[in-house]
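Step one of this worksheet: look at the structure below.
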Amino acid sequence: MKTTVLAFLGLALAGCAYPYTPPALAPITAPAPASTAAAAMPGEARAPVTILVSIDGFRPDYLDRGVSPNLNRLRAGGVFASMRPSFPSVTFPNHWTLVTGLRPDRSGIVGNKMEDPARPGETFTMATDDPFWWSESSPIWVDAEKAGIRTATMFWPGANVAVGGTAKPNSHGAIEGGTRPDDWQQFNQQVSGSQRVNAVIDWMRRPAAIRPKLVTLYFDTVDSAGHAGGPDSAGVTQAVADVDASIGALVDGLAALGQPANLVIVADHGMAATSSTRVVALDTIADKADYRTVEMGPYATLFAVPGHEAALEARLLKPHDHLQCWRKSEIPARFHYGRNPRVPSYLCLADVGWRVDASAPTRASVGGMHGYDNMAPEMRALFIANGPAFVRGKTIPSFDNVAIEPLLRDLIGLPAEAGLDGTAAPFQKVMQR
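Numbered by mature numbering (1 follows the signal peptide of the UniProt record, and there is no 0), the letters in the sequence shown go through residues -26 to -1, 1 to 407 in order.
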């Protein structure tokens, strides 16, 4: 399979987007070769392309700030909802749910950081591309490629992974087998919003035979601004305006090509304001000798040190202000979380706006976080759908984000898949053919 690949770079904010610090700016995607890059012939009847756009950390109420005319225009001319993320409400699990239709407990991506008893001594991070960690589920582009539907991803967590492949021993990361999109690009934070849009438009300039029919596009700046200053900050407002301009450029570029598109614009989660005055210090409620942590933040996941289970539970599972902890087997059913062997033995969940730290903070800070109860209003995620497949001017009730992959299957002509955690039922009354 021919692929277009960018050098790997990324983002360093814990809990969001990608975890890399870019050493240098890599080249932007190159257009198709001159022999194939010509725009469509005049009068070409183009079939609609489906474009899944993720604006990381975009709360639906960000549309009310008066700086997003393009998104608001798409909302008014399409379908809008306040979407519920899956638990945990963090980036990698929810981006994988959006393209697999499975909640994190079934998709295998149960956190931004995780361990697997089948790989003792190894840890999954947001830099991991070993297919072992990703192949418990299959993203929509794998099924599309197998059905002969060309796909392209302009950044998406997991899109660089050869799903179903195997890392060859002692090969410095070489992968044998597996499936990726026809065109995929490693995340690079230094690629601007306009450059990302230009890459998608370049794909649309290709002749029909090599033009993708399913595209993903990812923006990280709203989430980054939310972490830095909190959801009510001027930085978030500016990031919303910047991403909105990129969405406008995408719409204009498609129109200039005469390319109809079904745009499905989503977020992976929302954002809640946090402060160093709202911290639960883990070392004040349990003895550090009794546990080790995998993740911390709005929620914490822990293992007991062998032989210390009783001592840990005696303190950890007691009532605490602004924090509730459970054994893995007793996590409330509404979270749909805890069956996967990658979920650690204990889960502690902070109240919205609070966080779990290893110890008390030593300096004052404010900002924003996500990862809280996925039913919390602050964790709601944006959903806008606009295009020839959708009616105009409709708001639908909130729905779980496991419905997005079934919707995408419908849009690109893949049959419905049995055994998913969601269906396209939330959209039945707002689609047209």
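Yeah, the Cβ is synthetic: ideal placement off N, Cα and C, and Gly gets one too.
Helix, strand or coil at residue i according to DSSP, with G and I counted as helix
i: Met100; result: coil
i: His69; result: helix
i: His201; result: helix
i: Thr397; result: coil
i: residue 423; result: Nothing can be reported for residue 423, as the shown portion of the chain is limited to -26 through 407.
i: Val196; result: helix
i: Thr275; result: strand
i: Met88; result: strand
i: Ala(-1); result: With a pLDDT of only 38 at Ala(-1), under the threshold of 50, the placement of this residue in the model should not be trusted, and no figure is reported.
i: Ala260; result: coil
i: Asn134; result: coil
i: Tyr36; result: helix
i: Lys368; result: strand
i: Gln212; result: helix
i: Ala307; result: helix
Residue nearest to residue i in terms of C-alpha spacing, selected from the options
i: Pro400; options: Ala50, Met57, Tyr36 and Val41; result: Met57
i: His294; options: Glu283, Val330 and His310; result: Val330
i: Ala271; options: Ala223, Thr211, Val41 and Leu321; result: According to the sequence shown, residue 271 is Gly rather than Ala. Nearest C-alpha to Gly271: Leu321.
i: Gly122; options: Val317, Met405, Pro362 and Pro186; result: Pro186
i: Arg407; options: Asn236, Asn314 and Thr251; result: Asn236
i: Leu37; options: Gly95, Val165, Leu228 and Val240; result: Val240
i: Thr99; options: Lys262, Arg316 and Met245; result: Arg316
i: Asp325; options: Tyr273, Ala173 and Ser109; result: Tyr273
i: Gly139; options: His282, Pro105, Pro234 and Val238; result: Pro105
i: Ser250; options: Leu276, Ala173, Ser303 and Trp328; result: Trp328
i: Pro371; options: Ala363, Arg354 and Pro362; result: Arg354
i: Ala255; options: Ala332, Ala173 and Leu45; result: Ala332
i: His296; options: Phe193, Gly361 and Tyr346; result: Tyr346
i: Ala285; options: Arg337, Glu304, Lys262 and Thr267; result: Lys262
i: Arg20; options: Asn44, Thr127, Ala182 and Ile259; result: Ala182
i: Val214; options: Val253, Pro362 and Ser198; result: Ser198
i: Thr258; options: Ala334, Gln298 and Ser166; result: Ala334
i: Trp115; options: Val165, Asn314, Leu45 and Thr24; result: Thr24
8 Å Cβ cutoff, residue i in contact with chain C
i: His310; result: Among the protein chains of the structure shown there is no chain C, as only one such chain exists.
Buried/exposed call for residue i, threshold 16 Cβ in 10 Å
i: Gly396; result: buried
i: Arg49; result: buried
i: Glu150; result: exposed
i: Arg308; result: exposed
i: Glu18; result: exposed
i: Gly40; result: exposed
i: Gly82; result: buried
i: Leu(-2); result: For Leu(-2), the pLDDT reaches just 34, beneath the cut-off of 50, and the residue's location in the model is therefore unreliable, although a value from the coordinates is still provided. With fewer than 16 Cβ atoms within 10 Å of its Cβ, Leu(-2) is classed as exposed.
i: Ser42; result: buried
i: Ser112; result: buried
i: Pro1; result: Residue confidence is low: Pro1 scores 35 on pLDDT, short of 50, so the model does not pin down where it sits. Its coordinate-derived value is still stated next. By the neighbour-count rule (16 or more Cβ atoms within 10 Å), Pro1 is not buried but exposed.
i: Gly361; result: buried
i: Thr336; result: exposed
i: Gly75; result: buried
Cutoff 8 Å; reference residue i; Cβ partners in own chain excluding five residues on either side
i: Ala11; result: Any reading at Ala11 needs caution, since the residue's pLDDT is 41, under 50, leaving its predicted position unreliable; the model's value is listed next. Closer than 8 Å at Cβ, skipping near neighbours: Pro5, Asp176, Arg179 and Arg180.
i: Gln402; result: none
i: Val279; result: Ala263, Asp264, Tyr265, Arg266 and Leu286
i: Asp218; result: Val41, Ser42, Pro43, Asn44 and Leu45
Cβ distance (whole Å) where residue i is taken to contact residue j below 8 Å
i: Ile386; j: Leu188; result: 5 Å
i: Ala55; j: Leu388; result: 22 Å between Cβ atoms; not a contact.
i: Ala136; j: Thr125; result: That pair is no contact at about 14 Å.
i: Thr65; j: Asn86; result: 6 Å
i: Met245; j: Glu110; result: 28 Å between Cβ atoms; not a contact.
i: Asn134; j: Asp157; result: Between Asp157 and Asn134 the Cβ distance is about 12 Å, and since that is not below 8 Å, they are no contact.
i: Ala260; j: Arg301; result: About 14 Å separates the two Cβ atoms, so there is no contact after all.
i: Val210; j: Val225; result: About 22 Å separates the two Cβ atoms, so there is no contact after all.
i: Ser319; j: Phe364; result: The Cβ separation is near 44 Å, so there is no contact.
Neighbourhood of residue i by C-beta distance below 7 Å, restricted to the same chain and skipping five residues each side
i: Ala223; result: Ser168 and Val171
i: Pro341; result: Note that residue 341 is Gly in the sequence shown here, rather than Pro. The residues are His201, Ala202, Gly203, Gly204 and Thr248.
i: Lys368; result: Val53 and Val404
i: Ala398; result: Ala377, Pro380, Leu381 and Asp384
i: Asn348; result: Arg58, Pro59, Ser60, Phe61 and Ser63
Cutoff 6 Å; reference residue i; Cβ partners in own chain excluding five residues on either side
i: His310; result: Arg77 and Asp79
i: His69; result: Pro131 and Asp242
i: Val27; result: Leu191 and Ile239
i: Thr97; result: Glu89
i: Trp108; result: Gly132, Val135 and Val137
i: Lys142; result: Ala148 and Glu150
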